[in-house]
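All remarks here apply to the structure that follows.
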């Protein structure tokens with residue numbers, strides 16, 4: 087079975103010959119037409135359309151965007167803010183940066199439309215500190231759009247005014263967590279807030295109702311309102327509408343970004359047909375489907391999936407359709423779309439040591455289980471790869487992860503413990519035998535971040 | 009649906025025990041009300057909820073109801089409404105009660121969560137209890153014993169952090185012991201309004217510190233030591249001085265100002281080692297000023313008055329001096345209610361005018377008021393004075409110059425500080441009762457050394473007209489006398505009727521003679537004080553401005 091054709095909506099013009107990121111080029115390709123059309127409509131109509139489209143957030147959690155908007159407290163009398171989460175930090179994810187670098191006006195148009203739909207007068211783009219070029223491009227693009235009357239005062243000649251500020255982060259993964267991002271935007275340490283009571287839709291930025299959406303999600307809003315919710319619903323499968331961008335990295339022939347309708351393509355098709363399969367002489371060993379915090383899938387494992395009618399079917403990793411619900415049914419998640427591929431040259435203890443080092447470095451340190459647990463996991467896995475592995479370490483490190491997940495202020499607890507939990511669950515044998523495999527030849531070349 | 013007992017109460021079930029608690033209560037407090045301890049570090053009832061230690065994780069459930077009909081779903085086995093338990097544990101501090109809420113604080117999941125958090129908190133902790141000042145009053149010790157596993161699985165290297173940071177002149181920080189609960193940070197932000205503390209670095213390397221160029225110098229800095237659940241913040245004054253389990257605790261009242269912060273004085277074998285605040289939600293919450301904590305040093309100060317002759321002789325000498333000439337009595341706003349009452353009695357017997365000296369200082373709007381006498385109200389209520397005192401005794405000064413006063417009894421007041429000159433003091437015969445030497449005692453003909461507030465018992469009336477009692481915390485200085493005994497003896501010597509100087513006797517008189525004290529006995533004054541009827545003095549223009557739990561009468565009237 088060969089793979090279906092790519093369906094590029096968000097990435098339509100990415101890498102296109104002759105397409106530049108200035109406003110003239112964007113308008114030549116139909117840019118800002120949807121905005122013009124939208125500001126003539128009623129905001130609640132736009133919100134209804136987005137809700138009807140079923141679009142789910144592309145940042146990682148996959149929360150329905152329309153539902154998120156419906157939680158916004160519109161009666162508080164306080165201003166409503168919209169924040170674009172461009173803190174693309176999940177290892178293995180590199181979709182937002184291409185939108186920002188090559189098609190920034192798409193994001194700006196989607197943002198302003200979303201602002202109009204939610205009566206927002208001020209939007210912020212929170213961009214990670216490691217994207218200085220992206221921030222510069224966005225600043226220029228916003229100025230172009232402002233000059234052209236698409237951002238700022240009296241947008242498209244209407245009474246509606248809304249400005250966008252770009253705010254650069256200082257380089258912390260946790261700023262991608264929406265309440266951490268809000269704290270950082272307020273000029274504080276990005277410690278995520280406790281929920282309840284600090285749900286952004288009610289008590290967000292400056293204690294005002296706030297919407298935080300991912301870059302890709304907001305771009306989708308533009309296309310939903312362009313084609314209409316009914317047309318959008320036809321892309322992908324029910325509850326998994328629209329297209330997804332997969333950022334494939336690791337040991338495949340053709341890593342890169344690919345946009346497909348949700349669930350239209352399976353993991354096997356993506357890796358073997360689209361990405362050209364494993365490197366010569368190698369076989370696939372494992373794949374992380376949604377950014378490094380998603381639970382790993384081991385090639386060769388089988389998943390028994392319940393159908394709606396009560397019957398069951400069996401999936402291999404290659405059979406899993408790439409959409410939110412199917413990946414969840416396989417015990418992992420679609421996450422941010424960062425597909426990380428590992429072949430049989432990879433030792434799983436060493437791969438986990440790398441991931442653990444990342445999460446220990448990025449824990450904000452606010453709440454106990456994540457703060458202490460993430461570093462402990464790193465210390466254990468680092469010790470293992472530096473020649474002092476013990477047979478019981480796999481069990482111990484998994485138990486540490488179990489003590490973190492579900493007990494923290496924000497989802498970082500899960501993000502840092504799911505890799506360990508799934509690596510040990512699926513490759514426990516490697517953790518047990520690592521002592522004998524590697525103690526005789528400690529890997530001195532392994533550099534951990 | 010469970011009907012609340014009263015409209016402002018919410019009925020909840022803690023481990024199956026039903027209790028009605030006030031609206032807005034969190035689960036930790038609700039559990040406390042049924043006698044169940046939910047362990048915690050970061051939560052403090054007087055600070056905002058941070059929810060970061062995760063020690064107070066509990067299981068939460070709500071009664072199940074049919075989504076469409078709202079009809080309760082019953083459990084056929086028990087006949088009760090089914091409970092929908094949330095699979096994830098929730099924090100007790102950040103969870104406010106709602107009607108019908110069910111809480112499990114002892115379930116296997118809760119136990120496992122607590123074991124996990126305890127283990128995490130201890131892996132990078134230095135475990136240096138044998139040399140740590142917090143030992144004996146350390147939440148880590150207590151909760152590790154109560155809720156920990158009892159053994160460690162950690163074989164890695166512990167993190168290394170700064171060990172002896174001077175955060176300010178009075179507070180020392182050991183970062184390795186810190187559990188990053190942020191209580192001290194929140195205290196500085198929310199109560200002291202001096203936002204100087206914060207965390208730097210990330211993850212497990214997070215470190216408490218002052219902002220660059222700042223110091224923890226505010227006058228409430230030692231409260232951070234009190235609320236630090238572990239040995240991270242220690243008092244520079246107290247550290248390494250004494251094991252806390254050797255110390256005796258006595259309830260006292262801070263004499264720094266008319267706020268009357270409730271305190272605990274910690275002593276051993278007649279020596280005081282520290283003073284800490286005692287919770288009184290109507291007066292000082294759980295706080296007190298740093299400046300009040302060092303007042304115990306006066307007990308052993310070098311200028312303590314020591315007896316030169318035996319007490320009987322000096323009291324008799326004083327008595328005979330007071331019977332000659334025209335006498336004025338300078339009482340004190342720092343004396344207890346009982347002493348002021350006896351002073352007033354003595355003055356009346358002598359036909360003398362009585363004064364007290366006002367002492368004013370800068371107020372901080374929190375726990376230090378403008379009136380630096382702890383008991384100005386006591387002098388009014390006992391009739392020692394009938395109007396607000398002045399800082400200078402100008403009437404007395406004029407009387408001395410006019411020869412109308414030839415003998416002065418001063419109860420602990422330095423008259424030179426109240427505007428009298430050395431020449432004026434030389435003109436009169438001085439009798440001085442007091443604990444410390446000053447210019448007045450130097451000029452006195454008879455000196456009777458008395459006790460400090462820490463060595464005697466009594467009561468004060470604070471700015472709210474709250475009668476608060478304090479207990480003797482250490483034995484008095486050998487040869488020094490209790491003011492009450494001396495004043496009562498003087499009264500007898502000058503021909504007055506003594507009714508006894510012990511507290512029950514004085515209070516029998518007080519309750520009989522003073523309407524505000526009707527039916528009050530010393531033993532019955534609650535630990536948190538007794539609010540008196542202050543209407544007799546509502547016309548007076550007291551100097552105090554607004555502070556933590558006090559609004560001046562004028563401000564209250566306009567409000």
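Protein chains in written order, with my numbering: chain A, 87 to 535; chain B, 9 to 567. Ideal Cβ positions, reconstructed from N, Cα and C, are used throughout, including at glycine.
Verify the CB distance criterion: does residue 535 of chain A have a CB-CB separation below 8 Å to chain B? As a working mapping, residue 535 of chain A is identified with position 449 in the first chain. Confidence at residue 535 of chain A is low in this model, with a pLDDT of 47, below 50, so the placement of that residue should be treated as unreliable; the coordinate-derived value is given next. No, residue 535 of chain A does not count as interfacial toward chain B.
Open item on the list: I need the DSSP call for residue 327 of chain A, collapsed to helix, strand or coil.
Closed with: The residue you call residue 327 of chain A lines up with position 241 of the first chain. Three-state DSSP puts residue 327 of chain A in a strand.
Within 10 Å of its beta-carbon, does residue 139 of chain B have 16 or more other beta-carbons around it, so buried, or fewer, so exposed? Taking the second chain and counting its residues from 1, one reaches residue 139 of chain B at position 131. Looking at its Cβ environment, which holds fewer than 16 other Cβ atoms inside 10 Å, residue 139 of chain B is exposed.
Original post:
Apart from the five residues just before and just after residue 329 of chain B, which ones in its own chain have a Cβ nearer than 7 Å to its Cβ?
Top reply: Taking the first residue of the second chain as 1, we reach residue 329 of chain B at position 321. Cβ neighbours of residue 329 of chain B beyond the five flanking positions: 415, 437, 439, 453, 454.
- Query: Under the rule that 16 or more other beta-carbon atoms within 10 Å means buried, what is residue 535 of chain A, buried or exposed?
  - Reply: The count along the first chain starts at 1 and reaches residue 535 of chain A at position 449. The predicted position of residue 535 of chain A is uncertain, since its pLDDT is 47 and thus under 50; a value taken from the coordinates is nonetheless stated next. Classification of residue 535 of chain A: exposed, given that the 10 Å Cβ count is below 16.
At least one CB of chain B closer than 8 Å to the CB of residue 282 of chain A: is that the case?
Your numbering for residue 282 of chain A matches position 196 in the first chain. Interface residue, yes.
Exercise for the section: Have a look at the DSSP bridge pairing and note the partners of residue 370 of chain A. Expected result: Within the first chain, numbered from 1, the residue matching residue 370 of chain A stands at position 284. Answer by DSSP bridge pairing, in chain order: A/429.
ask   = Taking the alpha-carbon positions, what's the residue 387 of chain A to residue 439 of chain A distance?
value = Against the first chain, residue 387 of chain A aligns to sequence position 301. Against the first chain, residue 439 of chain A aligns to sequence position 353. Spanning the two alpha carbons is a distance of roughly 23 Å.
| field | Residues that residue 207 of chain B contacts on chain A, provided the C-beta gap is smaller than 8 Å | value | Numbered from its first residue, the second chain carries residue 207 of chain B at position 199. Within 8 Å Cβ-Cβ: 275, 451.
_Going by C-alpha to C-alpha distance, which of A/90, A/135, A/285, A/171 sits closest to residue 145 of chain A?_
Position 59 of the first chain holds residue 145 of chain A. The candidate whose alpha carbon is nearest that of residue 145 of chain A is A/171.
Could you check whether the Cβ of residue 153 of chain A sits closer than 8 Å to any Cβ belonging to chain B? By 1-based counting over the first chain, the position of residue 153 of chain A is 67. So, not an interface residue.
Consider the Cβ of residue 383 of chain B: report whether some Cβ of chain A lies at a distance smaller than 8 Å.
-> As a working note, residue 383 of chain B is residue 375 in the second chain. No, because no Cβ of chain A sits closer than 8 Å to the Cβ of residue 383 of chain B.
*asked:* Any beta carbon of chain B sitting closer than 8 Å to that of residue 82 of chain A?
replied: Outside the shown range of chain A (87 to 535) lies residue 82 of chain A, about which nothing can therefore be said.
| said: Strictly by DSSP, which residues pair up with residue 67 of chain B? | reply: Counting from 1 along the second chain, the entry for residue 67 of chain B is found at position 59. DSSP output for residue 67 of chain B lists B/112 as bridge partner(s).
#### Entry: Assigned secondary structure, residue 207 of chain B (DSSP; H/G/I helix, E/B strand, else coil)
Start at 1 with the first residue of the second chain, and residue 207 of chain B comes out as number 199. Strand.
Inter-stretch contact at 8 Å, needing at least 3 Cβ pairs: the segment 130-145 of chain A / the segment 212-219 of chain A | no
Given residue 387 of chain B, which residues of its chain have a CB within under 7 Å of its CB, disregarding the five upstream and five downstream residues? As a position in the second chain, residue 387 of chain B is number 379, starting the count at 1. 339, 341, 348, 364, 393, listed in sequence order.
Q) In chain order, what residues of the same chain lie with their CB nearer than 6 Å to the CB of residue 419 of chain A, ignoring the 5 residues before and after it? A) Numbered from its first residue, the first chain carries residue 419 of chain A at position 333. Closer than 6 Å at the Cβ level, and outside the excluded window around residue 419 of chain A, lie 376, 380, 413.
Give me the Cα-Cα distance between residue 307 of chain A and residue 200 of chain A, rounded to the nearest whole angstrom.
Residue 307 of chain A sits at position 221 when you count from the first residue of the first chain. Residue 200 of chain A sits at position 114 when you count from the first residue of the first chain. Their Cα atoms are separated by approximately 7 Å.
- Task: From the DSSP output, in three-state form, read off residue 154 of chain A for me.
- Result: Start at 1 with the first residue of the first chain, and residue 154 of chain A comes out as number 68. Here residue 154 of chain A sits in helix by DSSP.
Identify the residues that DSSP records as bridge partners of residue 345 of chain A: which are they? Along the first chain, read from residue 1 onward, the residue named residue 345 of chain A stands at position 259. Its beta-bridge partners are A/331.
Taking the alpha helix (DSSP H) that residue 98 of chain A belongs to, which residues open and close that run?
For this step, residue 98 of chain A is matched to residue 12 along the first chain. Segment: none, residue 98 of chain A is in no alpha helix (DSSP H) and carries neither H nor E.
Quiz item: Going along chain A, which residues have a C-beta under 8 Å from residue 162 of chain B?
Solution: Taking the first residue of the second chain as 1, we reach residue 162 of chain B at position 154. The contacting residues are 462.
Identify the contact partners of residue 459 of chain A in chain B, using a Cβ-Cβ distance below 7 Å as the criterion. Numbered from its first residue, the first chain carries residue 459 of chain A at position 373. Ordered by position in chain B, the residues that pass the 7 Å Cβ test against residue 459 of chain A are 128.
Exercise for the section: Please list the residues of the segment 207-232 of chain B that have a C-beta atom closer than 8 Å to any C-beta atom in chain A, keeping them in chain order. Expected result: 207, 209, 210, 211, 212, 213, 214
*What is the DSSP secondary structure of residue 138 of chain B, counted as helix, strand or coil?*
Numbered from its first residue, the second chain carries residue 138 of chain B at position 130. Helix, per DSSP.
Determine, using beta carbons only, whether residue 196 of chain B comes closer than 8 Å to chain A. Translated into the one-based positions of the second chain, residue 196 of chain B becomes position 188. Judged by the 8 Å Cβ criterion, residue 196 of chain B is not in contact with chain A.
Starting from residue 397 of chain B, trace the beta strand (DSSP E) in both directions and tell me its first and last residue.
Your numbering for residue 397 of chain B matches position 389 in the second chain. Neither: residue 397 of chain B is in no beta strand (DSSP E) and is coded neither H nor E.
- request: Kindly identify the DSSP beta-bridge partner or partners of residue 419 of chain A.
  value: Along the first chain, read from residue 1 onward, the residue named residue 419 of chain A stands at position 333. DSSP output for residue 419 of chain A lists no bridge partner at all.
Tell me which residue opens and which closes the beta strand (DSSP E) that residue 252 of chain A is part of. The residue you call residue 252 of chain A lines up with position 166 of the first chain. Per DSSP, residue 252 of chain A belongs to the beta strand (DSSP E) from 249-254.
Quick one: list the residues of chain A neighbouring residue 148 of chain B, beta-carbon separation under 7 Å, in chain order.
-> Start at 1 with the first residue of the second chain, and residue 148 of chain B comes out as number 140. The premise fails here: residue 148 of chain B is roughly 12 Å from chain A at the closest Cβ pair, so nothing lies under 7 Å.
Inset, instruction - Starting from residue 391 of chain A, trace the beta strand (DSSP E) both ways and give me its first and last residue. - result: Here residue 391 of chain A refers to the residue found at position 305 of the first chain. From DSSP, the beta strand (DSSP E) with residue 391 of chain A extends over 388-392.
Notebook entry, point to check: Any contact of the segment 32-44 of chain B with the segment 100-111 of chain B, i.e. 3+ C-beta pairs under 8 Å?
Noted result: yes
* Residues in the segment 488-519 of chain A having any Cβ partner in chain B nearer than 9 Å -> 488, 489, 490, 492, 493, 494, 495
Open item on the list: Quick check: the Cα distance between residue 479 of chain B and residue 515 of chain B, rounded to an integer number of angstroms?
Closed with: Residue 479 of chain B sits at position 471 when you count from the first residue of the second chain. Residue 515 of chain B sits at position 507 when you count from the first residue of the second chain. Straight-line Cα distance between these residues: approximately 15 Å.
message: Does any residue of chain A have a CB that is nearer than 8 Å to the CB of residue 186 of chain B?
response: For the purposes of this step, residue 186 of chain B is taken as residue 178 along the second chain, with counting starting at 1. Residue 186 of chain B does not count as touching chain A.
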